[in-house]
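Following the working numbering, the numbering of the sequence shown begins with 238 at its first residue and continues without gaps.
Only one structure is covered here, and it is reproduced in the block below.
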Amino acid sequence: MFLKKYFSLLSWSVIIILQACNTTHNYDELKEGDLLFIVGKNKSEQTSAIKRSTSQKDEVPYSHVGIVKFDKKDVYVIEATPSDGIIQTLLYEFIQKAEKRKGRPLIAVGRVKPEFQYIVPLAVENAGDLLGRPYDYAYEEGNDAYYCSELVRFSYLDSLRNPIFPAVSMTFKNKETGETEAYWEKHFAGLQLEIPEGKSGTNPVDMSKSPIIDIVHKYY
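Following this line, the structure appears as structure tokens:
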């Protein structure tokens, strides 16, 4: 039994190291359910607008977050993407989405505190149940579509099925100028919706600072 467990753990380490082999880092300390906060290297208008409207000048502008999932042979990240909705992505491929600073990926690992660890298995299962759901372009809770941090919020549920991550008031204004980002005006006009300024929601930057999690590692 001991040898079986030993080789099982060894196999996981090898898998994760191989997936990250094109970087200079080991990701073998990741645990299932960890949250990967990244600064996306995607230069799309949406990614840029998210960074400008959710992060202060001196903050790392995390624009995306996903949930680590261990499978029989691979390690995945369950994420909500504008192009494909909720998908699971190989860890190595997810890492490649991060912007780099001096060759290091701008990724931070968040882990729920010990008192919430009992939730992790069900949270990963909840996220898996949402695979295939659409991306939430409306940024509206309760519409059966999800953006990245909304996926995390509604996967991590307590025993009463309530989110353990509290909602925050959303803003679509540039943190530096205080003006609504032109991208968001165009985005919501195209959906024939009002900008949900001040409505309940989440974002990767605020979630990364939640007292519910510890940032256990930064790869930059």
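All C-beta atoms, glycine included, are put in the ideal place defined by N, C-alpha and C.
Small disclaimer: the values here were computed from a predicted structure and weren't measured.
| Would DSSP call isoleucine 356 helix, strand or coil? | In the sequence shown, residue 356 corresponds to position 119, counting from 1. Correct three-state label for isoleucine 356: helix.
| said: Considering only the alpha carbon of each residue, which of Pro441, Ala419, Gly340 lies closest to isoleucine 304? | reply: On the sequence shown, residue 304 is found 67 positions in, with the first residue counted as 1. Measuring from the Cα of isoleucine 304, the nearest candidate turns out to be Pro441.
| field | For tyrosine 383: DSSP bridge partner residues | value | Looking up residue 383 in the sequence shown gives position 146. By DSSP's assignment, tyrosine 383 forms a beta bridge with Tyr372.
| Secondary structure of valine 312, DSSP reduced to three states | Here residue 312 is taken as the residue at index 75 of the sequence shown, counted from 1. Strand, per DSSP.
| message | So, for isoleucine 452: in the same chain, excluding its five sequence neighbours on each side, which residues have a beta-carbon less than 6 Å away from its beta-carbon? | response | In the sequence shown, the residue the question calls residue 452 occupies position 215. Here the set comprises Ala345, Gly347.
| Beta-carbon contacts of alanine 286 that lie in its chain and below 7 Å, excluding the five residues immediately before and after | Locating residue 286 in the sequence shown gives position 49, counting from the first residue. Closer than 7 Å at Cβ, skipping near neighbours: Glu418, Tyr420, Trp421.
| said: Count Cβ pairs between the stretch 348 to 357 and the stretch 407 to 414 that sit closer than 8 Å; are there 3 or more? | reply: Verdict: no, contact absent.
| Nearest to proline 319 (by Cα), restricted to the options Gln283, Gln325, Gly438, Tyr329 | As a working note, residue 319 is residue 82 in the sequence shown. Among Gln283, Gln325, Gly438, Tyr329, the Cα nearest to that of proline 319 is on Gln283.
| request: Starting from alanine 345, trace the beta strand (DSSP E) both ways and give me its first and last residue. | output: The residue given as residue 345 occupies position 108 in the sequence shown. The continuous beta strand (DSSP E) containing alanine 345 extends over residues 344 to 349.
| message | With H, G and I counted as helix, E and B as strand and the rest as coil, what does DSSP make of threonine 439? | response | As a position in the sequence shown, residue 439 is number 202, starting the count at 1. Look at threonine 439 here: in three-state DSSP terms it is coil, with no helix or strand label.
| request: Tell me the start and end of each unbroken alpha helix (DSSP H) in the stretch 395 to 451 that is at least 4 residues and wholly inside, in chain order. | output: Taken in chain order, the unbroken stretches of alpha helix (DSSP H) that lie wholly in the stretch 395 to 451 and span 4 residues or more are 419 to 427, 441 to 445.
| task | With a 10 Å radius around its C-beta and 16 neighbouring C-beta atoms as the bar for buried, classify aspartate 308 as buried or exposed. | result | In the sequence shown, counting from the first residue as 1, residue 308 sits at position 71. Classification for aspartate 308: exposed.
| task | To the nearest angstrom, report how far apart aspartate 366 and serine 392 are at their CA atoms. | result | As a first step, residue 366 must be located in the sequence shown, where it is residue number 129. As a first step, residue 392 must be located in the sequence shown, where it is residue number 155. One C-alpha to the other measures close to 9 Å.
| If we call anything under 7 Å between Cβ atoms a contact, is isoleucine 323 one with leucine 359? | Position 86 of the sequence shown holds residue 323. Position 122 of the sequence shown holds residue 359. Between isoleucine 323 and leucine 359, the gap from beta carbon to beta carbon reaches 7 Å or more.
| said: Can you list, in chain order, the residues of its chain with a C-beta nearer than 7 Å to that of isoleucine 450? Leave out the 5 residues immediately preceding and following it. | reply: For the purposes of this step, residue 450 is taken as residue 213 along the sequence shown, with counting starting at 1. Counting only Cβ-Cβ distances below 7 Å, and skipping sequence neighbours, we find Leu272, Gly347, Arg348, Val349, Lys350.
| said: Count Cβ pairs between the stretch 334 to 341 and the stretch 425 to 436 that sit closer than 8 Å; are there 3 or more? | reply: Proximity of the stretch 334 to 341 to the stretch 425 to 436 falls short of the contact definition, fewer than three beta-carbon pairs being nearer than 8 Å.
| Hey, would you say serine 445 sits closer than 7 Å to tyrosine 299, going by beta carbons? | Here the question's residue 445 lines up with position 208 in the sequence shown. Here the question's residue 299 lines up with position 62 in the sequence shown. In contact: serine 445 and tyrosine 299 (Cβ atoms closer than 7 Å).
| field | Segment limits, alpha helix (DSSP H) that includes glutamine 283 | value | In the sequence shown, counting from the first residue as 1, residue 283 sits at position 46. Here the alpha helix (DSSP H) through glutamine 283 covers 282 to 291.
| request: Count the other CB atoms, across all protein chains shown, that sit within 10 Å of the CB of arginine 390; report buried if there are 16 or more and exposed otherwise. | output: The count along the sequence shown starts at 1 and reaches residue 390 at position 153. For arginine 390, the number of other beta carbons within 10 angstroms of its own is at least 16, and it is reported as buried.
| With DSSP run on the structure shown, which of helix, strand or coil describes leucine 267? | Here residue 267 refers to the residue found at position 30 of the sequence shown. DSSP, reduced to helix, strand and coil, places leucine 267 outside both helices and strands of the structure shown, so it counts as coil.
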